[in-house]
Structures are given as C-alpha cells and as structure tokens.
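Colleague: Count the sequence shown with the UniProt record's numbering and you get residues 1 to 150, in order. Cβ atoms here follow ideal geometry from the backbone N, Cα and C, with glycine treated the same way. This one's a predicted model, so the numbers in the text were calculated from it and none came from an experiment.
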Amino acid sequence: MFEIRIICDPADTDRVTDALSQAFTTGPVRQHPTRDGKRLRLYVTADHHSNTGPWPTPGEAYALAPSIVSEIGWTAQTAADKPFGSRLPRDFWLRKAALLDRIALQDVGDDAAEVANEAAERLMSLDDAGVICDPRHYVRQQYAHWITNQ
C-alpha cells in the first residue's frame, strides 16, 4: 500500500480520481487547497490491483469441500494436536476461515458473519494480501484453488 499526492486544477479532480481508481485499488480521496488557493492537492491511499479475480461463488468454492461437521472435527483436532509453541500452517487458517464462511452463509446470525470476517482478515494478513477485496471472497478464491490442487 502507498500514498499518492497529486496537485491539479480543480476542474480536473474528477478525471484524475477516476483514472486513479482504474489504475489502483484506492481509498477515499482527501482534498486540500494549495497555498496559493488556485489548485487542489489530492491525497489517496492506493494499492496495486490484484490479478487474482474472478471471485468464485460460495457454491463453486466449496463444491469439493468435506461436510461442515467433518471440517469442524478436523479443525478442532489439528488445533488440539499442535505442539506447544509451534505455529499452525496456512492450510489450517485457510480451512478454518472457509469453515466459518460456510457456517455464516447458512444465515445463522450476525455473529457468525462477524467471526467469518475476522478469520478471513486473519488469513489475508497471514498471506500479506493487502486490501484487495472482501475478505470472505478472498477465502473462497484461495480455498477453491487449494482444494482443486489437493
């Protein structure tokens, strides 16, 4: 992620911000007048577009997944068997995030969706993925890729 600063004529602001959003994944644009008051300074946080799309639907992502009950068992057993002081592998965090996403998709309440989002954000952080999409979409894409290559 990086910060972009542009100084431009106020009439060009919309054109410049549109071009930035097409070239990068951008946050909100902050505008401040220049010292002379004739132009605008635009500040925007940006990141490179991900070349990872398209995002699979939940049905596509989880078509080959084991049952939810089976995944709950695997997740619990893997966490319990982890040697003290060691880290769990990426596959654990991916499968856990996918499991929580699948549970949240069953519309069991806002708490399930919140927990699924937190797990998805943890996976994105682990992968150093940056803010490229909805975290749960990222989990579905990564899970679909992982399960088809097993």
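Look at the alpha carbon of A63 and the alpha carbon of T57, and state the distance between them as a whole number of angstroms.
Modeller: 10 Å
Colleague: What does a CB cutoff of less than 7 Å around N117 pick up in its chain, not counting 5 residues either side in sequence?
Modeller: P135, R136
Colleague: My guess is that D14 and R39 are in contact by the Cβ rule of under 8 Å, so how many angstroms apart are they, rounded?
Modeller: So it is not a contact: roughly 15 Å between Cβ atoms.
Colleague: Could you tell me the alpha carbon to alpha carbon distance between S21 and A11, rounded to whole angstroms?
Modeller: Rounded to whole angstroms, the separation of the alpha carbons of A11 and S21 is 17 Å.
Colleague: Measure the beta-carbon distance from R41 to I7 and round it to whole angstroms, keeping in mind my assumption that it falls under 8 Å.
Modeller: The C-beta separation of R41 from I7 comes to about 5 Å, placing the pair in contact by the 8 Å criterion.
Colleague: With a 10 Å radius around its C-beta and 16 neighbouring C-beta atoms as the bar for buried, classify D101 as buried or exposed.
Modeller: buried
Colleague: Within 10 angstroms of the Cβ of Q150, are there 16 or more other Cβ atoms? Answer buried if so, exposed if not.
Modeller: Exposed, because fewer than 16 other Cβ atoms sit within 10 Å of the Cβ of Q150.
Colleague: Output the distance between the C-alpha atoms of residue 151 and L105, rounded to the nearest integer angstrom.
Modeller: Residue 151 falls outside the range modelled here, since the chain spans only 1 to 150, and no answer is possible.
Colleague: So, at 8 Å on beta carbons, what are the nonlocal neighbours of A119 in its own chain, with the 5 sequence-adjacent residues on each side left out?
Modeller: Excluding the 5 residues flanking it on each side, A119 has same chain C-beta neighbours closer than 8 Å at W93, K96, A97, L100, D101, V139, in chain order.
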